[in-house]
Amino acid sequence: AADSRNIGFELTSSDFVFFLDSDDHFVGNIIDRRIAIHKNESAGVVFGNYITCNDSVMMASSLPIYAGEGFRDYLFLSDGDCRTSTISVYKKLHKGTLFDSNSNKHQDWIFSILCSDNNENVVFDEVPSVLINVERAGRMSSSMNIKASTYFCDEYLSDKKHLNVFSKKHWMSMI
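This is the structure:
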């Protein structure tokens with residue numbers, strides 16, 4: 327998935343790129359609103375709230391607002407999240423951050439961490455504008471891929487406070 331996203335991103339001639347997984351879809355006026363956010367905030371990258379759908383039950387996320395702190399802190403200390411289908415990029419202001427081709431899971435978190443590490447101007451969109459289907463049992467995120475999680479921890483979580491929260495979240499989901 328990372329290679330496909332990177333190839334698509336690099337080959338597009340559009341100034342604006344939206345990533346959308348095959349079983350997710352946009353709701354509302356996300357395109358126009360995001361273009362305005364990118365331009366008004368001089369943001370190379372925007373991500374935001376979403377709506378999950380599980381067994382026809384829909385629930386809007388209420389993520390904490392990302393205010394430019396390190397993304398590891400946002401994800402693991404502030405209980406934030408970043409989903410690939412909520413990411414949009416304005417190529418004119420983007421600093422070249424791509425998805426990690428070696429990652430097989432947590433690609434959205436890795437992308438957001440890399441954006442933070444690369445000093446991308448990342449802005450949070452509070453309006454839930456993507457419907458994320460979490461029903462499918464075969465989703466990459468529904469499996470416990472220990473090797474992929476180990477890669478994520480080894481490569482991106484050197485601070486024990488981040489690693490501890492990551493581990494706790496995954497132990498809870500296994501139980």
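Per my numbering, the very first residue in the sequence shown carries number 327; after that it's consecutive. Beta carbons: idealized from backbone N, C-alpha and C, even for Gly.
Residue i CB to nearest heavy atom of the ligand GDP below 7 angstroms
i, result
"Tyr392", "As for the ligand GDP, it is missing from this structure, which has no ligand bound."
Cβ pair residue i, residue j closer than 8 angstroms
i, j, result
"Leu440", "Asp451", "no"
"Ile458", "Ile377", "yes"
"Phe342", "Tyr392", "no"
"Ala369", "Ile361", "no"
"Val456", "Val371", "no"
Where the alpha helix (DSSP H) containing residue i begins and where it ends
i, result
"Ser330", "Ala328 to Leu337"
"Leu440", "Gln433 to Asp443"
"His399", "Looking at the sequence itself, residue 399 is Asp, so the reference to His does not match. Phe397 to Phe402 is the extent of the alpha helix (DSSP H) around Asp399."
"Tyr482", "Ile472 to Tyr482"
Residue burial classification, residue i (beta-carbon count within 10 angstroms, cutoff 16)
i, result
"Gly406", "buried"
"Ile472", "exposed"
"Thr476", "exposed"
"Gly464", "For Gly464, the predicted structure reports a pLDDT of 47, less than 50, and the residue's modelled location is therefore unreliable. A value from the coordinates is still provided. By the 10 Å Cβ count, Gly464 comes out exposed."
The beta strand (DSSP E) enclosing residue i, as first and last residue numbers
i, result
"Asn323", "The structure shown does not extend to residue 323, since the chain is modelled only from 327 through 501, so no value can be given for it."
"Ala386", "Val383 to Ala386"
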